[in-house]
Amino acid sequence: MAGLALIWPAYGHDCPLQDMGTLETFRALDKDKDRRLSLREFMDQGWCREAPSCQCQEAARQFFTRLDQNADGLVDLVEFTANQ
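Listed below in structure tokens is the structure:
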């Protein structure tokens, strides 16, 4: 996610989103196995469990929106891996 790399340092801690973009990650996030990620699936992964109200969750929402290139509210594998 080349253009997204600059987001993470702004949050002052390591964010699990830094490692996004792989087929394995996509499969793990796709809980209903429909080959598309909804925002709910994406957010249900417990970003920043130690501080649930932290800015990492907002970064996750922004990241999802940027991944959703066709703005259909879902992220497919092509969109997910587009910048790898």
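Going by the working numbering, the letters in the sequence shown line up with residues 1153 to 1236, in that order. No residue lacks a Cβ here, since even glycine has one placed at the ideal position from N, Cα and C. Here the structure is a predicted model, which is why all the values come from computation and not from measurement.
Residue i in three-state terms, based on DSSP
i: residue 1187; result: coil
i: residue 1223; result: coil
i: residue 1234; result: coil
i: residue 1142; result: Since the displayed the chain opens at 1153 and closes at 1236, residue 1142 lies outside it and no answer follows.
i: residue 1197; result: coil
Whole-number beta carbon distance between residue j and residue i, since they are thought to touch under 8 Å
i: residue 1187; j: residue 1229; result: 6 Å
Same chain, Cβ closer than 6 Å to residue i, five either side skipped, listed in chain order
i: residue 1227; result: 1189, 1219 and 1220
For residue i, the first and last residue of its enclosing beta strand (DSSP E)
i: residue 1228; result: 1226 to 1228
Sub-7 Å separation of residue i and residue j beta-carbons
i: residue 1181; j: residue 1216; result: no
Residues of its chain near residue i, where Cβ-Cβ distance is below 8 Å and the 5 sequence neighbours each way are ignored
i: residue 1222; result: 1231
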